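K.L.:
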Amino acid sequence: MAAGCAALALLAMPVAAAPAAPVGKETTSYSTIGGDAEAPYSRLKLIPGYKRVVRDDLGAGPVKRRHIRRRSLLYFAQLSDFQLADGESPARVETLDLASTPFTSAWRPQEELEPFTVDQVVRQVNRFDTSPIRNRRTRRAKLALSLTTGDSADNQQINETEWVVRLLEGGRLDPNSGVEGGLCAGLVPPGEAARYTGVQDDQDILESGRFYDPDSPSGEFVAWPRYPGLMDRAQRPFEAAGLRRPSYVSFGNHDGTVQGNFHALQAFDDIARGCVKPLNAGGTLESSFLTTDVERTVLVPPDPDRGFADRPTYKAIHAKGRQDDDHGFAFVDPDELRASNGEASYYSFSPRKGVRLISINTVAEGDRVGSSGNLDEPQFRWIERELKAAAGRGELVMLFGHHPIRSLTNSSPDENAGDCALRLVSGPGCDRDPRSSRPLRQGADLQRLLLEHPNVIAYIAGHSHEHKVTAFEREGGRGGFWGIETSSEIDWPIQSRLLELMDNRDGTLSIFGTIIDHGGELSTPPADTPADGFDEETLAALGREFSFNDPQVGVEAGADGRLQDRNVELVMPDPRKR
119 MAAGCAALAL LAMPVAAAPA APVGKETTSY STIGGDAEAP YSRLKLIPGY KRVVRDDLGA
179 GPVKRRHIRR RSLLYFAQLS DFQLADGESP ARVETLDLAS TPFTSAWRPQ EELEPFTVDQ
239 VVRQVNRFDT SPIRNRRTRR AKLALSLTTG DSADNQQINE TEWVVRLLEG GRLDPNSGVE
299 GGLCAGLVPP GEAARYTGVQ DDQDILESGR FYDPDSPSGE FVAWPRYPGL MDRAQRPFEA
359 AGLRRPSYVS FGNHDGTVQG NFHALQAFDD IARGCVKPLN AGGTLESSFL TTDVERTVLV
419 PPDPDRGFAD RPTYKAIHAK GRQDDDHGFA FVDPDELRAS NGEASYYSFS PRKGVRLISI
479 NTVAEGDRVG SSGNLDEPQF RWIERELKAA AGRGELVMLF GHHPIRSLTN SSPDENAGDC
539 ALRLVSGPGC DRDPRSSRPL RQGADLQRLL LEHPNVIAYI AGHSHEHKVT AFEREGGRGG
599 FWGIETSSEI DWPIQSRLLE LMDNRDGTLS IFGTIIDHGG ELSTPPADTP ADGFDEETLA
659 ALGREFSFND PQVGVEAGAD GRLQDRNVEL VMPDPRKR
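So the sequence shown is residues 119 to 696, counted in our numbering.
Below is the structure:
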């Protein structure tokens, strides 16, 4: 490591003073949100924020008075891991996510409230349309765009993906699923489609204590508040605000595989569209879906929009929206698109002169049980060509994708997903790309490639659901790039990151990262309050509070990272020739 580690402790500022401003009006440099981690169930409150840490790990120290000289090159936001879940879908396998299993993302107590939470996240990003960081002493940049770094949907479903686009663009969003009649006409009670049917209603699953039922909390959730009718209230349509600036999308494993782990076989797709929801924990997706005990099932209203979205469908849903460039997918290289039989979903574009953003697809499409990622050989070669071309144009490059370098460890080739010629078996998860995915490229390969190109300054990722900033140093200790990971919008602490690239005009660059909480209400209604009258902001407040108290991945998971992973100024040598 360079001498930056020693400097880190010296440059870290003390924690901010106690806050007084209401939530939503300031960044976490001023105040943030916390609770009592020792309580059986904790309400939330404002707590002191975290001061900015200046990091010089890449061998270029901060120069005094740079705030007078620096100029903003690009100001943007990162949102990650919405994991919008259709909790009524037969294709959910919540029973895999119990205390006795290794799974922690098949079910969360707050997931039915997630559309309202993401809407508050979006509204908060809109509030910071002007940068919190000054450049040239008095100026502040305007927000150019937002990046979403994968896992926006939770289970690869068509309806979940449509909800994602509606939240990004704004408009009426109906978070309910299920239709009257259809396959289960006469078996499902009339009017059931308008209500919640799932594991958070003990009357649906004929048992209690395994999941949080807000009508009657029990078992592990006995100390949680009772809110009669909350699950039904969460099914009602609302008006999403939408981002004011363009948004650009990268694939995550939950966008591209069933529950983020398994390629979508046709049998899985049939179950998703149907009306029989399995409730037994079979240990794997296959055993839970395909060998379920008929006595461990529940009937739910069916919905054809619960089918799984393959790559072309996912891109088409984004193309139907209001953003002319299809949230980035219009920039996919036509040659790559033809060669991949329409599968390619990686792209690059230049939002500002001298800056290039490259979106990569890190999903291991052929995986059977695993959430880690990789890069296939054709995409890896395309990235290499893009980096060379950007260097020739004198552009600074930032890549964005779902899996950080440390999570690019998957050894499953795309071909394991099955041939699309056999789609009746392989289903929407089949591998339509005729090119060989081998040799597979993992984290070490990508790290080596990026370090070979001095104009690469950052790789921005999600997946880990935690704040983490890593310096990837070039050999010799001067220069390299920053790996920037930001927490999810589903698990605590439910935060996003504002990013701004600055030219300090002294031979160095700075990337400012500023964490923001969503700006919805902090207080929540007293226990036993009927939920029918809750507004959307209250639902988002409850979602945040439930995430803090989640017994599996709540506050004790430590996803807020260390001080040096939160509000940061990342200083590095300017690689451009002068």
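Idealized CB from N, CA, C, for every residue including glycine. Please read these numbers as outputs of a predicted model, since none were measured by experiment.
Exposed or buried, Leu530, counting other C-beta atoms within 10 Å across all chains shown (16 or more means buried)?
P.N.:
With the sequence shown as reference, residue 530 is identified as Ser, and Leu is not the correct amino acid for it. By the 10 Å Cβ count, Ser530 comes out buried.
K.L.:
Helix, strand or coil, according to DSSP, for Gln274 in the structure here?
P.N.:
Residue state, collapsed to three classes: coil.
K.L.:
Just checking my contact of Val481 with Gly374 at CB under 8 Å: how many whole Å lie between their CB atoms?
P.N.:
With 8 Å as the limit, Val481 and Gly374 qualify as a contact, their Cβ atoms being about 4 Å apart.
K.L.:
With C-beta atoms as the reference, is Ser207 less than 7 Å away from Arg424?
P.N.:
A contact, by the Cβ cut-off of 7 Å.
K.L.:
So Asn253 is in the beta strand (DSSP E); what residue range does that whole segment cover?
P.N.:
248-253 is the span of the beta strand (DSSP E), which, as asked, contains Asn253.
K.L.:
My output table needs one value for Arg615: the three-state DSSP class, helix, strand or coil.
P.N.:
Three-state DSSP puts Arg615 in a strand.
K.L.:
Return the residue from the list Ala434, Thr266, Lys471 that minimises the CA-CA distance to Ala462.
P.N.:
Out of Ala434, Thr266, Lys471, Ala434 has the C-alpha closest to the C-alpha of Ala462.
K.L.:
So Arg391 is in the alpha helix (DSSP H); what residue range does that whole segment cover?
P.N.:
Looking at the DSSP string, the run of the alpha helix (DSSP H) that includes Arg391 is 384-391.
K.L.:
How would you write the range of the alpha helix (DSSP H) that Leu564 sits in, first residue to last?
P.N.:
Here the alpha helix (DSSP H) through Leu564 covers 561-569.
K.L.:
Would you kindly check if the distance between the Cβ of Leu681 and the Cβ of Val171 is under 7 Å?
P.N.:
Going by C-beta atoms, Val171 is nearer than 7 Å to Leu681.
K.L.:
Drop a sphere of 10 angstroms on the beta-carbon of Ile186, count the other beta-carbons inside from all chains shown, and report buried for 16 or more, exposed for fewer.
P.N.:
Burial call: exposed.
K.L.:
Classify Ser218 as helix, strand or coil using the three-state DSSP reduction.
P.N.:
Confidence at Ser218 is low in this model, with a pLDDT of 41, below 50, so its placement is unreliable and the value that follows should be read with caution. Correct three-state label for Ser218: coil.
K.L.:
Please state whether DSSP places Gln318 in a helix, a strand or coil.
P.N.:
Correct three-state label for Gln318: coil.
K.L.:
Measure the alpha-carbon distance for Leu558 versus Arg474 and round it to whole angstroms.
P.N.:
Looking at the two C-alpha atoms, the distance is approximately 25 Å.
K.L.:
Can you tell me the Cα-Cα spacing of Ile608 and Gly152, whole angstroms?
P.N.:
Between Ile608 and Gly152, the C-alpha separation is close to 16 Å.
K.L.:
Please state the DSSP three-state secondary structure of Asp692.
P.N.:
Coil.
K.L.:
Hey, how far is the Cα of Leu688 from the Cα of Ala157?
P.N.:
Using only the alpha carbons, I get a separation of about 37 Å.
K.L.:
Mapping DSSP to helix, strand and coil, what is Pro396?
P.N.:
Pro396 falls in the strand class under three-state DSSP.
K.L.:
Specify the secondary structure class of Lys169 as computed by DSSP and reduced to three states.
P.N.:
Of the three classes helix, strand and coil, the one that applies to Lys169 here is coil, per DSSP.
K.L.:
For Pro220 and Asp199, what's the separation of their Cα atoms in angstroms?
P.N.:
Residue confidence for Pro220 is low, a pLDDT of 48 falling below 50, so the modelled location carries little weight; the figure read from the coordinates is stated next. Spanning the two alpha carbons is a distance of roughly 20 Å.
K.L.:
Just mark Gly337 as buried or exposed, buried being the case when its beta carbon has 16 or more other beta carbons within 10 Å.
P.N.:
Exposed is the call here.
K.L.:
If contacts are defined as beta-carbon pairs under 8 Å, then Gly360 and Leu286 qualify, I think. What distance do you get, rounded to the angstrom?
P.N.:
At roughly 7 Å, the Cβ-Cβ gap stays under 8 Å, so Gly360 and Leu286 are in contact.
K.L.:
Do Asp532 and Gly484 have their CB atoms nearer than 7 Å?
P.N.:
Going by C-beta atoms, Asp532 is nearer than 7 Å to Gly484.
K.L.:
Which of the three DSSP states, helix, strand or coil, is assigned to Tyr464?
P.N.:
DSSP places Tyr464 in coil when its eight states are reduced to three.
K.L.:
Between the Cα of Ala390 and the Cα atoms of His436, Asp204, Asp683, which residue gives the shortest distance?
P.N.:
It is Asp204 whose Cα lies nearest to the Cα of Ala390.
K.L.:
Apart from the five residues just before and just after Thr647, which ones in its own chain have a Cβ nearer than 7 Å to its Cβ?
P.N.:
Cβ neighbours of Thr647 beyond the five flanking positions: Tyr345.
K.L.:
Going by the beta-carbon positions, is the gap between Gln196 and Ile578 smaller than 7 Å?
P.N.:
Cβ atoms of Gln196 and Ile578: closer than 7 Å.
K.L.:
Please report how far the alpha carbon of Gln441 lies from the alpha carbon of Asp175, in whole angstroms.
P.N.:
Going by the C-alpha atoms only, they are around 38 Å apart.
K.L.:
What is the DSSP secondary structure of Ile435, counted as helix, strand or coil?
P.N.:
Reduced to three states, the DSSP call for Ile435 is helix.
K.L.:
Using 7 Å as the limit for Cβ to Cβ distance, is Gln201 near chain B?
P.N.:
In the structure shown, chain B does not exist; there is a single protein chain.
K.L.:
Residues bridged to Tyr148 by DSSP?
P.N.:
Tyr148 pairs with nothing; no bridge assigned.
K.L.:
Within 10 angstroms of the Cβ of Glu719, are there 16 or more other Cβ atoms? Answer buried if so, exposed if not.
P.N.:
In the structure as shown, the chain begins at 119 and stops at 696. Residue 719 is therefore absent and cannot be evaluated.
K.L.:
Taking the alpha helix (DSSP H) that Phe234 belongs to, which residues open and close that run?
P.N.:
From DSSP, the alpha helix (DSSP H) with Phe234 extends over 232-245.
K.L.:
DSSP three-state call for Val497: helix, strand or coil?
P.N.:
For the record, residue 497 in the displayed sequence is Gln; it is not Val. Three-state DSSP puts Gln497 in a helix.
K.L.:
If you draw a straight line from the C-alpha of Val686 to the C-alpha of Pro469, how long is it?
P.N.:
Roughly 23 Å between the two C-alpha positions.
K.L.:
With a 10 Å radius around its C-beta and 16 neighbouring C-beta atoms as the bar for buried, classify Thr656 as buried or exposed.
P.N.:
With 16 or more other Cβ atoms within 10 Å, it is buried.
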